[in-house]
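Quick note: to get this note's numbering, add 679 to the position in the sequence shown (first position is 1).
Glycine included, each C-beta is placed from N, C-alpha and C at the ideal position.
Being a predicted model, the structure only gives us computed values, none of them experimental.
Notes follow once the structure below has been shown.
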Amino acid sequence: MKKYGMAALLFLTCLLMAGCGKSMNKMDDQTKIAVKTVMDFKSKYNKKDNEERKDYDFDSGYFPTDLSEKDALQVYLMKAKNDENNVYYIKYNETEYSDPDFKKKIKDHVRESAATSNGKEFEPISETEFIQAIEQEIVTKVFEAKE
680 MKKYGMAALL
690 FLTCLLMAGC
700 GKSMNKMDDQ
710 TKIAVKTVMD
720 FKSKYNKKDN
730 EERKDYDFDS
740 GYFPTDLSEK
750 DALQVYLMKA
760 KNDENNVYYI
770 KYNETEYSDP
780 DFKKKIKDHV
790 RESAATSNGK
800 EFEPISETEF
810 IQAIEQEIVT
820 KVFEAKE
């Protein structure tokens, strides 16, 4: 009887761990809004910047104009009293290309930003600011991309 009890406990623990792991790979609606805010802003910025780069006399990098949820690497949440004002700290990947057609990859850049859950505020932040923000006790990880 003891064997079955231990086996059942081990099985339930494994299920719980698997369930927790899967929940980190999915975003809730507020997280999606914050991530979309960042990705939309960066995509629009990149589109404008890429157009200007075409006129340069030297080769320079081009950045994607179709950033989305799939580019998010990690998201941390700092809860506010009003859910619309929750702050999300977002780490995402942005690939640099050597041509405007995005065929020749130069390198990947990891970027950090902060956004509110209502999608009205966005701010690019430095890696140092990102690290300081996520080290706070009131910030919790709500998303991590699968590797």
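Have a look at residue i and residue j and give me their C-alpha separation to the nearest angstrom.
i: K782; j: Y724; result: 20 Å
i: S777; j: K784; result: 6 Å
i: Q753; j: Y741; result: 24 Å
i: E823; j: A751; result: 8 Å
i: D787; j: F720; result: 19 Å
i: D762; j: D780; result: 40 Å
i: A697; j: D707; result: Bear in mind that a pLDDT of 44 at A697, under 50, signals an unreliable position, so the number given afterwards is only what the model happens to contain. So the two alpha carbons sit approximately 18 Å from each other.
i: T795; j: F801; result: 7 Å
i: I810; j: E775; result: 23 Å
i: Y771; j: T716; result: 13 Å
i: D728; j: F737; result: 15 Å
i: E814; j: R790; result: 17 Å
i: A812; j: K825; result: 22 Å
i: E806; j: D734; result: 31 Å
What does DSSP give as the partner residue(s) for residue i in the beta ladder?
i: P803; result: S792
i: F781; result: None, per the DSSP bridge assignment.
i: F822; result: V754
i: N772; result: V789
Look up residue i in the DSSP assignment and say whether it is helix, strand or coil.
i: I813; result: helix
i: N797; result: coil
**Message:** If contact is defined by three or more beta carbon pairs under 8 Å, each pair taking one atom from either stretch, is the stretch 802-819 in contact with the stretch 744-763?
**Reply:** With a cut-off of 8 Å on Cβ pairs, the stretch 744-763 is in contact with the stretch 802-819, counting three or more such pairs.
**Unbroken stretches of the beta strand (DSSP E), 3 residues or longer, contained in the stretch 690-766** = Counting only runs of 3 or more, we get 751-757.
**Item:** Stretch-stretch touch, CB-based, cutoff 8 Å, three pairs: the stretch 762-769 with the stretch 730-749
**Value:** Between the stretch 762-769 and the stretch 730-749, the count of Cβ pairs shorter than 8 Å is below three; the stretches do not touch.
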